[in-house]
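Enquirer:
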Ligand SMILES: *Cc1c(COP(=O)(O)O)cnc(C)c1O
């Protein structure tokens, strides 16, 4: 197999049209067989439910090349299960989980030339999504849906080295109690756009959202879960039913407990206690962990002792261990790595 001629290590995070994408349609109560197509455009009614009422959800995962040259994905079964949860909450038909994994396999295989080589730091980002496509004007779920998966190569997250982030406590809310914060719905992102643009204009990398019920507890940022390390080396992560269940965070908890022998605590975390922590990081598929150096709460700076130049030592061990598992350098827990070819 000949790889595409791309400067992999200088790729950014943007859409690049690759060769083939997967499309399946739901109509009259059932999914069709699904096809791979070279057409990256979608034609739909001006009144499509997704355009009027945002009935859509998505997933994000990566394929990459291991040290021994295999192309693999990390825990796609959890993406399939999470998308099924998102669909149920959005009154969309579930795309069967086994078919989701099969479709991921097909698209990655069909675009194998776009999978970056081992060592480049780049990967192939996989974006499954679904939306209501038929015309809906009275408020109700669509009758017809499209499930698609496209892939696009993305560059290394820490291009030019690790740089700890500066976050701010947001005055806006991300998720309502009993709302949709725990599913991967496009609507959660639509309402975060104002806050993220404002954060960037004010010189911050991201917003930390508090629980919108009491505005006392830390939830997560716009697109990543948060972990903290205590001064005695314990991993603490917020527990709340309005946080999106990050697969990276769940994997890191397992790595912390089972590979590094750390104590792990999943519990409500108060804004008032975060100045006690030694390290902080954001976790998600994009970066695995990005270290946080500082959180600013309305002019009060909370600076983590790990500083503004490096990952904290425990964060680094977590990061390295999970990366080594993903890259096949150390034995992974059963079923974490799906070999595609
Ligand atoms: C996707 C997402 C994450 C990260 O989840 P991973 O499965 O680890 O990629 C975290 N928070 C939000 C709001 C997300 O949408």
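In the numbering used here, the protein residues as written are 4 to 344. Using N, Cα and C, we set each Cβ at its ideal position, and we do this for glycine too.
Just list the beta strand (DSSP E) runs in the segment 75-150, keeping only unbroken ones of 3 residues or longer that don't cross its boundaries, in chain order.
Expert: List check, beta strand (DSSP E) in window: 126-135.
Enquirer: Report the partner residues of residue 16 according to the DSSP bridge assignment.
Expert: Residue 16 is not bridged to any residue.
Enquirer: Considering only heavy atoms of ligand 1, does any lie closer than 7 Å to the CB of residue 297?
Expert: Not under cutoff, so the answer is no.
Enquirer: Taking only runs that begin and end inside the segment 162-238, name each unbroken alpha helix (DSSP H) of 4 or more residues, in chain order.
Expert: You should have 189-193, 196-204.
Enquirer: Of all the options 253, 63, 344, which has the alpha carbon lying nearest to the alpha carbon of residue 79?
Expert: Nearest C-alpha to residue 79: 63.
Enquirer: Is it true that the CB of residue 210 sits closer than 8 Å to the CB of residue 171?
Expert: It is a contact, given that the beta carbons lie within the stated cut-off.
Enquirer: Under the assumption that residue 114 contacts residue 21 (Cβ atoms under 8 Å), give the Cβ distance between them as a whole number of angstroms.
Expert: Yes, residue 114 and residue 21 are in contact; Cβ-Cβ is about 5 Å, under 8 Å.
Enquirer: Check the DSSP bridge columns for residue 29 and list the partner residues they point to.
Expert: In DSSP, residue 29 forms a bridge with 34, 148.
Enquirer: Can you list, in chain order, the residues of its chain with a C-beta nearer than 6 Å to that of residue 355? Leave out the 5 residues immediately preceding and following it.
Expert: Not covered by the structure: residue 355. The range shown for the chain is 4 to 344.
Enquirer: Comparing alpha-carbon positions, which option in 4, 154, 10 lies nearest residue 18?
Expert: With distances taken between Cα atoms, residue 18 lies closest to 154.
Enquirer: Hey, is residue 286 close to ligand 1, as in C-beta under 7 Å from one of its heavy atoms?
Expert: The answer is yes for residue 286.
Enquirer: Is the segment 161-180 touching the segment 138-152 in the sense that three or more CB pairs, one from each, lie closer than 8 Å?
Expert: They do not touch, by the three-pair rule.
Enquirer: Does the distance from the C-beta atom of residue 74 to that of residue 118 stay below 8 Å?
Expert: Yes. Within cutoff.
Enquirer: If we count Cβ pairs, one from each stretch, closer than 8 Å, do we get three or more for the segment 255-269 versus the segment 232-241?
Expert: These segments touch.
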